[in-house]
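Trainee:
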Amino acid sequence: MLLSLAFRNLWRNGRRTLLTLSAMVVSLALLILALSIFSGMLRDILASATEQYHGHLVISRDDYQETHDLYTTMTEAHLPLAKIAASNPVQGLSPRLRGYGLVSHADSSYPAELLGIRPDAESGVTSLQRQLIAGTALAADDDHGAVLGASLARRLGVKPGDELVFVTQAADGSIGNDLLTVRGIFKTGDSGHDNGLLLVPLGWLQQTLALPGQVHEVALAITDPMTASASANQLRPLLPDGIHIVDWGTLLPEMREAIASFDVSRLIFSVILYFATGLGVLNTLFMSVMERTREFGILMAIGMRPRSIRLLVLLESALLGLLGASLGVMGGIALCAVMSDTGIDLSAWITPISYAGGTLPPRLRAVLELRNLLDPTLMLLFTTLLAGFFPARRAARLQPVAAIRMD
Amino acid sequence: MTLSLAWRNLWRNRRRTLITLTAMSFSLMLVQGFHNLSYGVYAQMIDSGVRAGSGHIALYRGDYATSRDDRLTFAPGQLPGQIAALPGVTNVLQRLYLPALAQSSRESRGILLTGIDPAAEAMVNPLLAKLDLSTLLPTTDGRDALMGSRLLRELKLEIGQKFVVTAQGADGELASELLFVRGTVHSGIRSVDNSLVMVGRQRAALLAGRPETVHEIAVLLSAPDDSGDQLQRVRALLPAGEIQALPWDTAMPNLANAIKLDYASQKFIFLVIVIIVSIGVINTLLMAVMERLPEFGLLLALGASPWRLRAMVLCEALLLGLVAMFIGSLLGSLLTWYLAAIGIDLRRFLPESIEFGGVIFDPVLRATWDVRYMLQMAALMPLLAGLASFYPANRAARVAPAVAMRNN
Numbered sequence: 001m002l003l004s005l006a007f008r009n010l011w012r013n014g015r016r017t018l019l020t021l022s023a024m025v026v027s028l029a030l031l032i033l034a035l036s037i038f039s040g041m042l043r044d045i046l047a048s049a050t051e052q053y054h055g056h057l058v059i060s061r062d063d064y065q066e067t068h069d070l071y072t073t074m075t076e077a078h079l080p081l082a083k084i085a086a087s088n089p090v091q092g093l094s095p096r097l098r099g100y101g102l103v104s105h106a107d108s109s110y111p112a113e114l115l116g117i118r119p120d121a122e123s124g125v126t127s128l129q130r131q132l133i134a135g136t137a138l139a140a141d142d143d144h145g146a147v148l149g150a151s152l153a154r155r156l157g158v159k160p161g162d163e164l165v166f167v168t169q170a171a172d173g174s175i176g177n178d179l180l181t182v183r184g185i186f187k188t189g190d191s192g193h194d195n196g197l198l199l200v201p202l203g204w205l206q207q208t209l210a211l212p213g214q215v216h217e218v219a220l221a222i223t224d225p226m227t228a229s230a231s232a233n234q235l236r237p238l239l240p241d242g243i244h245i246v247d248w249g250t251l252l253p254e255m256r257e258a259i260a261s262f263d264v265s266r267l268i269f270s271v272i273l274y275f276a277t278g279l280g281v282l283n284t285l286f287m288s289v290m291e292r293t294r295e296f297g298i299l300m301a302i303g304m305r306p307r308s309i310r311l312l313v314l315l316e317s318a319l320l321g322l323l324g325a326s327l328g329v330m331g332g333i334a335l336c337a338v339m340s341d342t343g344i345d346l347s348a349w350i351t352p353i354s355y356a357g358g359t360l361p362p363r364l365r366a367v368l369e370l371r372n373l374l375d376p377t378l379m380l381l382f383t384t385l386l387a388g389f390f391p392a393r394r395a396a397r398l399q400p401v402a403a404i405r406m407d
Numbered sequence: 001m002t003l004s005l006a007w008r009n010l011w012r013n014r015r016r017t018l019i020t021l022t023a024m025s026f027s028l029m030l031v032q033g034f035h036n037l038s039y040g041v042y043a044q045m046i047d048s049g050v051r052a053g054s055g056h057i058a059l060y061r062g063d064y065a066t067s068r069d070d071r072l073t074f075a076p077g078q079l080p081g082q083i084a085a086l087p088g089v090t091n092v093l094q095r096l097y098l099p100a101l102a103q104s105s106r107e108s109r110g111i112l113l114t115g116i117d118p119a120a121e122a123m124v125n126p127l128l129a130k131l132d133l134s135t136l137l138p139t140t141d142g143r144d145a146l147m148g149s150r151l152l153r154e155l156k157l158e159i160g161q162k163f164v165v166t167a168q169g170a171d172g173e174l175a176s177e178l179l180f181v182r183g184t185v186h187s188g189i190r191s192v193d194n195s196l197v198m199v200g201r202q203r204a205a206l207l208a209g210r211p212e213t214v215h216e217i218a219v220l221l222s223a224p225d226d227s228g229d230q231l232q233r234v235r236a237l238l239p240a241g242e243i244q245a246l247p248w249d250t251a252m253p254n255l256a257n258a259i260k261l262d263y264a265s266q267k268f269i270f271l272v273i274v275i276i277v278s279i280g281v282i283n284t285l286l287m288a289v290m291e292r293l294p295e296f297g298l299l300l301a302l303g304a305s306p307w308r309l310r311a312m313v314l315c316e317a318l319l320l321g322l323v324a325m326f327i328g329s330l331l332g333s334l335l336t337w338y339l340a341a342i343g344i345d346l347r348r349f350l351p352e353s354i355e356f357g358g359v360i361f362d363p364v365l366r367a368t369w370d371v372r373y374m375l376q377m378a379a380l381m382p383l384l385a386g387l388a389s390f391y392p393a394n395r396a397a398r399v400a401p402a403v404a405m406r407n408n
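If you're matching them up, the sequences are chains A and B in order.
Residue 398 in the numbering used here sits at position 398 of the first sequence, and the numbers go up by one each step.
Residue 42 in the numbering used here sits at position 42 of the second sequence, and the numbers go up by one each step.
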């Protein structure tokens, strides 16, 4: 009975209730949108570091990830790759060899990092081969092709079909020196990769560096990058001694920090917004309690307990909160749907921003995660209940006689 | 008279007015305080960024800023001295950048060889701030080098050991040079720590086969050049030709864009706050109008014009806005004062220095006063309240006297 009473009370002043509701709905819907845009940025910057280069998880020997030591290799045939590939979260797996040296074309030479890969395996882990602006990706049977970054290609003055010379120090102490043919040119927006990264066939690099059958690391892609740490723990027992598996958070501590600071801004953002919303709800509920002072007095005089009165006002605020929350969630989902996929393209206004080991592409798009709905909704309900608390207390403390005489 | 009537009307329901005032004042406080905090943090990021990077004003030949084509060197000639003599210029830094390959006995890595004037640079470049004076490069043409901390580890080198740097000379031939590690630079930015090698400017120019030339002249000013006057003065000194002077935000788009994006997200929050506060003000005024409908009817019956009623509701709103403006600005100033004097210390939450947009900034965030912005936001309050009063005022003016009075 209290519930239906509370509901009817809300609509005794429909305009006021609607205005308060609209403040709640606007704040909740926009907050859901803002948090989802944050999530989108986070996904983008994380993807730029992992899905454009590192992978979500990396297997390597000893301290290779710290030093990139040429000699810290693993024999590919000794790794339980088939077993790892068959594990649950693993989506793709790419054995790689890494070399540093000078690449030259005609009379230009620049330093570069060469990543020896198997094209089809690498495509399951990173998207570099799908971000081409010219030429084609490496074919599976290509034995001396190369795909390189756009800025490097421009500085070297090469286009697909041109020849490159790569010079480096091989593992046996000799000077490794071989020819490559440019197949494609990628552009990621990450200045480091666009400026100095080449993808070459694994076999070719193993031969040039005199490291036959050896790899430096195995990069893995998993279903959900946010569970990388748990997946690493799950895969660890499969690995032989001395071989380690690390997740992107360990590999890129600055990225982990950036994501942690995103979480802090989410919180500040929400608190500020709900502060303003909460005061609005408080105002409405106080008003409605004040103008019903006499009514509460009568209710008490005919035997309603103060506790029930308090419950009635709290129920009104809870109903208001639930109504606002459900409409706000719908609004938020609708806004996110509009802003998903590509979202707003900012490339005319800003260029990609590199920081924390990743690159933020110039776009705003919303990625709706469950917590983006849940956190703000719970906070809104909490805020409305809190805002209902003081008016409810006031109503419950009224003295029936004085209240009826008032007005 | 309308004014004093409006003022009295506001206080007929004290609690309602107070709650609305609180919401408005606190919102103004938050907007002012957080804007000033960002303003301070951005200023600090820019300061750190221009010192390590392009300066407030950067001189390049041709499109070096975007193409990074190493052939675009130029002879500085008399320019550094002339620019240094301009008022407001604190430092003029000449630099040369050379992509190169560094090799130790075991490893090789791609690096960015940066030629600097050690004495001039040491005082201002934040990358060198933590460096012990004894590890400074002694000359501009010596073989001593400073190396990024991660690069040092990857090359398996120790301080004092030698390494070889190979780069392409002006004639297209590769040239190599033997250098010695004199000290390390640890910035916390991965792309710097794994690729930076600093040597004397003349040593780098010799290796590049372009003696006595530079890629960049970075001009540091005593205060940011918001008006662009300093840029004009520097431009006036440039000889006719390819050399250009650029402001920092053109020379370092990464930093400028990081700030733009961050500020845009902040503006979004401010916008939402403004919407919510406006709805709150509409709500309050509407409530105040609705409960006084009989009164308005009476006033109309007594011959007050609808415009008079509109003016009165507008006056109430403006008064509300003005009071919120004063209280909010006072609170905003207090918040700014706190954030400027004490700041927010992030060291408790984050382990190391913070990087954003490619620069490192102090983990103690401090606000800087932006009085003009505070005044603009303060003026927004009465304006907003005035706009919010439009609907309630209309409602009051449109009552039919007889119906309104019967309504009681």
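Glycine included, C-beta positions come from ideal geometry on N, C-alpha and C.
Assuming contact is defined by CB atoms lying nearer than 8 Å, are Leu331(B) and Leu10(B) in contact in what I supplied?
Mentor: Numbered from 1 along the second sequence, position 331 holds the residue referred to as residue 331(B). Numbered from 1 along the second sequence, position 10 holds the residue referred to as residue 10(B). No, Cβ-Cβ distance for Leu331(B) and Leu10(B) is not below 8 Å.
Trainee: Given 8 Å as the limit, is there contact between the segment 295 to 308 of chain A and the segment 390 to 407 of chain A, that is, 3 or more CB pairs closer than that?
Mentor: Enough Cβ pairs lie closer than 8 Å, so yes.
Trainee: Given a cut-off of 8 Å, decide if Thr126(A) and Gly189(A) are closer than it, judged by their beta-carbon atoms.
Mentor: Taking the first residue of the first sequence as position 1, residue 189(A) is located at position 189. Taking the first residue of the first sequence as position 1, residue 126(A) is located at position 126. For Gly189(A) and Thr126(A), no; Cβs fall outside 8 Å.
Trainee: Hey, would you say Gly328(B) sits closer than 8 Å to Met252(B), going by beta carbons?
Mentor: The residue you call residue 328(B) lines up with position 328 of the second sequence. The residue you call residue 252(B) lines up with position 252 of the second sequence. Contact flag unset, no.
Trainee: When burial is assigned at 16 or more other CB atoms within 10 Å of the CB, is Val372(B) buried or exposed?
Mentor: Here the question's residue 372(B) lines up with position 372 in the second sequence. This sequence places Arg at residue 372(B); Val is not what is there. It is exposed - the Cβ of Arg372(B) has fewer than 16 other Cβ atoms within 10 Å.
Trainee: Assign Ala219(A) to one of three DSSP states: helix, strand, or coil.
Mentor: Stepping through the first sequence from its first residue, residue 219(A) is reached at position 219. Three-state result, Ala219(A): strand.
Trainee: Give a yes or no on whether 8 Å exceeds the smallest Cβ distance from Met287(B) to chain A.
Mentor: Residue numbering aside, residue 287(B) sits at position 287 when the second sequence is read from its first letter. Chain A contact via Cβ: present.
Trainee: Using a cut-off of 7 Å between C-beta atoms, extract the partners of Ser27(B) located in chain A.
Mentor: Along the second sequence, read from residue 1 onward, the residue named residue 27(B) stands at position 27. Ordered by position in chain A, the residues that pass the 7 Å Cβ test against Ser27(B) are Ala276.
Trainee: In chain A, which residues lie less than 8 Å from Arg153(B) when you measure between Cβ atoms?
Mentor: Position 153 of the second sequence holds residue 153(B). Those are Glu66 and Thr67, listed as they occur along chain A.
Trainee: So, is Met123(B) buried or exposed, given that buried needs 16 or more other C-beta atoms within 10 angstroms?
Mentor: Taking the second sequence and counting its residues from 1, one reaches residue 123(B) at position 123. That one is exposed.
Trainee: Report the partner residues of Glu113(A) according to the DSSP bridge assignment.
Mentor: On the first sequence, residue 113(A) is found 113 positions in, with the first residue counted as 1. Note: Glu113(A) sits in a beta bridge opposite Tyr100(A) and Leu197(A).
Trainee: Can you give the Cα-Cα distance for Ser270(A) and Pro376(A), rounded to whole angstroms?
Mentor: Counted from its first residue, the first sequence places residue 270(A) at position 270. Counted from its first residue, the first sequence places residue 376(A) at position 376. So the alpha carbons of these two residues sit roughly 7 Å apart.
Trainee: Taking its Cβ as the centre, do 16 or more other Cβ atoms sit within 10 Å of Asn195(A), making it buried, or is it exposed?
Mentor: As a first step, residue 195(A) is located in the first sequence; it is residue number 195 there, counting from the start. It counts as buried.
Trainee: Can you find a C-beta in chain B that's less than 8 Å from the C-beta of Gly101(A)?
Mentor: Mapped onto the first sequence, residue 101(A) falls at position 101. By this cut-off, Gly101(A) is an interface position.
Trainee: Looking at the C-beta of Ser22(A), does it have a partner C-beta in chain B at a distance below 8 Å?
Mentor: Your numbering for residue 22(A) matches position 22 in the first sequence. Yes, contact with chain B.
Trainee: Who are the Cβ neighbours of Glu212(B) in its own chain at under 7 Å, not counting the five residues just before and after it?
Mentor: The sequence position of residue 212(B) within the second sequence is 212, counting from 1. Within the same chain, Glu212(B) has close Cβ partners Ala75 and Ala205.
Trainee: Do you know how far the Cα of Gly124(A) is from the Cα of Leu174(B)?
Mentor: In the second sequence, the residue the question calls residue 174(B) occupies position 174. In the first sequence, the residue the question calls residue 124(A) occupies position 124. The alpha-carbon atoms of Leu174(B) and Gly124(A) are separated by roughly 38 Å.
Trainee: Considering only C-alpha positions, which residue in the set Thr20(B), Ala340(B), Ile269(B) and Met290(B) is nearest to Leu31(A)?
Mentor: Sequence index remark: in the first sequence, residue 31(A) carries index 31 (1-based). When each option's Cα is compared against that of Leu31(A), the closest is Ile269(B).
Trainee: For Ser4(A) and Leu28(B), what's the separation of their Cα atoms in angstroms?
Mentor: For the purposes of this step, residue 4(A) is identified with residue 4 of the first sequence, where counting begins at 1. For the purposes of this step, residue 28(B) is identified with residue 28 of the second sequence, where counting begins at 1. Going from the Cα of Ser4(A) to the Cα of Leu28(B) covers about 39 Å.
Trainee: Under a Cβ-count criterion, where at least 16 other Cβ atoms within 10 Å of its own Cβ denotes burial, should Ala379(B) be classed as buried or exposed?
Mentor: Locating residue 379(B) in the second sequence gives position 379, counting from the first residue. Answer is exposed; the Cβ neighbour count stays below 16.
Trainee: Closest to His244(A) by CA distance: which of Leu199(A), Ser229(A), Arg256(A) and Met255(A) is it?
Mentor: For the purposes of this step, residue 244(A) is taken as residue 244 along the first sequence, with counting starting at 1. The shortest Cα separation from His244(A) among Leu199(A), Ser229(A), Arg256(A) and Met255(A) belongs to Ser229(A).
Trainee: Just by C-beta distance, which residues in the segment 104 to 133 of chain A are closer than 9 Å to chain B?
Mentor: Answer in chain order: Ser104, Ala106, Asp107, Ser108, Ser109, Tyr110, Pro111, Ala112 and Glu113.
Trainee: Measuring only between beta-carbons, confirm whether Lys267(B) sits less than 8 Å from chain A.
Mentor: Taking the second sequence and counting its residues from 1, the one referred to as residue 267(B) is at position 267. False, the Cβ-Cβ gap to chain A never drops below 8 Å.
Trainee: Quick one: list the residues of chain A neighbouring Pro99(B), beta-carbon separation under 7 Å, in chain order.
Mentor: Within the second sequence, numbered from 1, the residue matching residue 99(B) stands at position 99. Simply Tyr110 and Pro111.
Trainee: Cα separation between Asp62(A) and Thr72(A)?
Mentor: The residue labelled residue 62(A) in the question sits at position 62 within the first sequence. The residue labelled residue 72(A) in the question sits at position 72 within the first sequence. C-alpha separation (whole angstroms): 7 Å.
Trainee: Using beta carbons (cut-off 8 Å, strictly below), is Arg254(A) in contact with chain B?
Mentor: Residue numbering aside, residue 254(A) sits at position 254 when the first sequence is read from its first letter. The residue asked about is misnamed: residue 254(A) is Glu in this sequence, not Arg. Yes, contact with chain B.
Trainee: Does DSSP put Asp249(B) in a helix, in a strand, or in coil?
Mentor: On the second sequence, position 249 is the one that residue 249(B) refers to. Helix.
Trainee: Could you name the residues of chain A that Ala108(B) contacts, counting a contact when the two beta carbons are closer than 8 Å?
Mentor: Counting from one through the second sequence, the residue named residue 108(B) turns up at place 108. Note on residue identity: the sequence assigns Ser, not Ala, to residue 108(B). Here the neighbours are Tyr100, Gly101, Thr168 and Gln169.
Trainee: Where do the ends of the beta strand (DSSP E) carrying His244(A) lie?
Mentor: As a first step, residue 244(A) must be located in the first sequence, where it is residue number 244. Ile243 to Asp247 is the span of the beta strand (DSSP E), which, as asked, contains His244(A).
Trainee: For Arg256(A), which residues in the same chain have their Cβ closer than 7 Å to its Cβ, ignoring the five residues on either side in sequence?
Mentor: Here residue 256(A) corresponds to residue number 256 of the first sequence, with the count starting at 1. Gly249, listed in sequence order.
Trainee: Quick check: the Cα distance between Gln207(A) and Ala112(A), rounded to an integer number of angstroms?
Mentor: Within the first sequence, residue 207(A) is the residue found at index 207, counting from 1. Within the first sequence, residue 112(A) is the residue found at index 112, counting from 1. Whole-angstrom Cα-Cα distance: 18 Å.
Trainee: Output needed in chain order: residues of the segment 258 to 276 of chain A with a Cβ under 9 Å from some Cβ in chain B.
Mentor: Residues passing the 9 Å Cβ filter: Ala258, Ala260, Ser261, Val264, Ser265, Ile268, Phe269, Ile272, Leu273, Phe275 and Ala276.
Trainee: At 3 residues or longer, and completely inside the segment 264 to 303 of chain B: list those beta strand (DSSP E) runs for me, N to C.
Mentor: Complete beta strand (DSSP E) runs here, min 3: none at all.
Trainee: What's the gap between the Cα of Thr140(B) and the Cα of Leu57(A)?
Mentor: Position 140 of the second sequence holds residue 140(B). Position 57 of the first sequence holds residue 57(A). If I take the Cα positions, the gap works out to 44 Å.
Trainee: Work out the CA separation of Leu312(A) and Met1(A) for me, nearest whole Å.
Mentor: Residue numbering aside, residue 1(A) sits at position 1 when the first sequence is read from its first letter. Residue numbering aside, residue 312(A) sits at position 312 when the first sequence is read from its first letter. Cα-Cα distance, rounded: 10 Å.
Trainee: At a CB distance below 7 Å, what residues from the segment 33 to 58 of chain A approach chain B? Give them in sequence order.
Mentor: Within the segment 33 to 58 of chain A, the residues whose Cβ lies closer than 7 Å to some Cβ of chain B are Ala34, listed in chain order.
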